[in-house]
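Positions 208 to 515 (this note's numbering) are the ones given, in order, by the sequence shown. Heads up, the thing below is written out as structure tokens.
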Amino acid sequence: MKSVTVVGSGIVGLTSAISLQEAGFQVRLVAKERFDITLSSKVGAIWFPFEIHPKEKTNHWATLAYERYKSEIQEGNGVAFIPFLTAYTPESNIDWTRQLPAGKVRKARPEELPKGMQMAFISEVPLAEPQLYLPHLFERFIANGGSFENREVTSLEEMADLDALVINCTGLGAKSLCNDTDLHPMRGQILRCKKMNVPSFANPTKRGALSYIINRSEDSVIGGTDYENDWNESIDPADTDLILHRLTESGISQSPEILEVIVGLRPRRSAVRFEFDTNYPNVFHNYGHGGAGFTVAWGCALELAGIL
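What follows is the structure in structure tokens.
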């Protein structure tokens, strides 16, 4: 049995590891952070192609992932399909709507639109709650014969020496590992609140003013921010006020009860890096998924398994 090492234990690393196991590889997972403290553990994790390029590949990966999530639904693992309202403008990329099965997406009626929103789609999309789904994936990986090593990899040379085949799923960490000047953070701050009785929606139509609500089984996530090249991982009270103000502007009268304020840095890139390294040909890069890690991770992982 061929061996492969996956570096990184977020949603991209875990799905890559499991897909490679399913393809017959013996897989080791190496990461400086366990899945429960990665960026993936901090996000709303709904299927939504946000700030990820190029769109042709993204659409393909998102479609593969959408189909995979259908078979991922299990009692208690956090995967479900929910209605989600997504705003758009005439300038928006709405190609993702054509990737959905017939009957799973439609244009919202005027009375269904939050205040200030002109046009939107209502679609039935996967939600994968990180606090449930990530440990579920990790336990599956270990049960399938995988091993985990808590270790920081500090250079691409060190990474290449890990195994005959190595998959780089280090997210924003790849910036220093690969000296990748294209990779940069997009800072997100969100509010985890007691579950609200309002529809789940996202309004990504204004750059720097992302607004959304994602209702999960036990809580609601309210966002957010999308600040480019912002490395600040500290909570900013001004951003909390801004998020709440946008919520009020959208016509939501219910006052959220905040349980936790969370900050994470999305790994933004002009295009996802999905290729073998030219200097270390045994290393395959799979990083730079922006704000759409949960949306495309399974798609990337399945294509990766096919390539290897």
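No residue lacks a Cβ here, since even glycine has one placed at the ideal position from N, Cα and C.
Backbone CA spacing between residue i and residue j [nearest angstrom]
i, j, result
"R476", "G380", "13 Å"
"P463", "I421", "13 Å"
"L334", "N489", "34 Å"
"E440", "P411", "22 Å"
"T447", "A512", "41 Å"
"T485", "W254", "32 Å"
"S366", "S407", "The amino acid at residue 366 is misidentified as Ser; the sequence shows Met. Each residue's Cα considered, the two are about 40 Å apart."
"G323", "E456", "7 Å"
"I280", "V286", "5 Å"
"Q306", "P297", "19 Å"
"W438", "V470", "10 Å"
"I397", "E467", "8 Å"
"L339", "Y494", "23 Å"
"V373", "F345", "18 Å"
"D387", "A230", "30 Å"
"H260", "D302", "12 Å"
"S383", "T377", "10 Å"
"E318", "V405", "14 Å"
"L221", "E510", "14 Å"
Exposure of residue i, with buried meaning 16 or more beta-carbon neighbours within 10 Å
i, result
"T361", "exposed"
"F483", "exposed"
"H391", "buried"
"H452", "exposed"
"A294", "buried"
"I514", "exposed"
"N375", "buried"
Nearest-angstrom Cβ-Cβ length linking residue i and residue j, presumed shorter than 8 Å
i, j, result
"H496", "V219", "6 Å"
"A272", "V503", "6 Å"
"I450", "G431", "7 Å"
CB contact flag (residue i, residue j, <7 Å)
i, j, result
"D426", "R399", "yes"
"D370", "T212", "yes"
"W268", "G498", "no"
"I329", "R347", "no"
"R473", "G415", "no"
"E356", "V237", "yes"
"P337", "S247", "yes"
Per DSSP, the bridge partner or partners of residue i
i, result
"H391", "R475"
"D426", "K401"
"Y487", "Bridge partners of Y487: none, in fact."
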